[in-house]
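Note that the numbering used here has the sequence shown beginning at 13, numbered continuously upward. Following: one structure in structure tokens, then a few remarks.
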Amino acid sequence: CTMRTLIPLVAGGDVQFGTTDGPVPEKATGSWRIDDEKSMKIHIRLMRHFDGWDTKYPYDVERVYEGYVETDGPLILAQGPIEIEAEGRERIDAGYFTLTHVPPPPDQEAA
Numbered sequence: 013c014t015m016r017t018l019i020p021l022v023a024g025g026d027v028q029f030g031t032t033d034g035p036v037p038e039k040a041t042g043s044w045r046i047d048d049e050k051s052m053k054i055h056i057r058l059m060r061h062f063d064g065w066d067t068k069y070p071y072d073v074e075r076v077y078e079g080y081v082e083t084d085g086p087l088i089l090a091q092g093p094i095e096i097e098a099e100g101r102e103r104i105d106a107g108y109f110t111l112t113h114v115p116p117p118p119d120q121e122a123a
């Protein structure tokens, strides 16, 4: 199952949550950082809270995204595994992500 979510990375390490074609969380938070400036390894952690089918059964989802940032001309790309962390056990693979930044056309950039 593939889902797309707009998640702008904000300067200072915060993230914002935008539109999604997946389940919409009641609350979402996250953070990001570059772990190694030389290799440009990126680490993103997202936490989402859902009320579930009934508000009696709320649940939280936390995922870790790790990959490497690459540039291709004006494009900025990152991709890698999506993982579930659980205390006392190894990470579990939950999928794969692709992060893409496409700059606006030159005639639409802020002056």
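Don't be surprised by glycine CBs; every beta carbon is placed ideally from N, CA and C. These numbers were taken from a predicted model, which means no experiment stands behind them.
Rounded Cβ spacing between residue i and residue j (contact assumed at less than 8 angstroms)
i, j, result
"L111", "A90", "4 angstroms"
"W65", "H55", "Actually they are not in contact, since the Cβ atoms of W65 and H55 sit about 32 angstroms apart, beyond 8 angstroms."
"I96", "R75", "6 angstroms"
Alpha carbon of residue i to alpha carbon of residue j, nearest angstrom
i, j, result
"E170", "I19", "This structure does not reach residue 170, given that the chain is present from 13 up to 123, and the question cannot be answered."
"E102", "P118", "45 angstroms"
"D105", "I94", "6 angstroms"
"A23", "M52", "16 angstroms"
"E82", "A98", "29 angstroms"
"R16", "G92", "15 angstroms"
"V73", "P116", "32 angstroms"
First through last residue of the beta strand (DSSP E) which encompasses residue i
i, result
"E97", "87 to 98"
"T17", "That residue, T17, is in no beta strand (DSSP E); it is neither H nor E in DSSP."
"E102", "101 to 113"
Option nearest residue i by Cα separation, candidates the options
i, options, result
"K39", "T83, P70, V81", "P70"
"R60", "D48, V81, D105, G30", "G30"
"T67", "P37, L21, C13", "P37"
"T14", "G100, Y108, V114", "Y108"
"D63", "I88, T83, P35", "P35"
"G42", "H113, Q28, P116, T32", "Q28"
"G85", "G92, G100, V73, V114", "V114"
"E49", "Y80, D33, P116", "Y80"
"L21", "I88, G92, D72", "I88"
Residue(s) in a DSSP beta bridge with residue i
i, result
"R75", "L58"
"D33", "None, per the DSSP bridge assignment."
"T41", "M59"
"D47", "In the DSSP output, where bridge partners are listed per residue, D47 has none listed."
"A69", "Reading off the sequence, residue 69 comes out as Tyr, not Ala. The partner list for Y69 (beta bridge, DSSP) is empty, contrary to what the question assumes."
"D26", "V22, S43"
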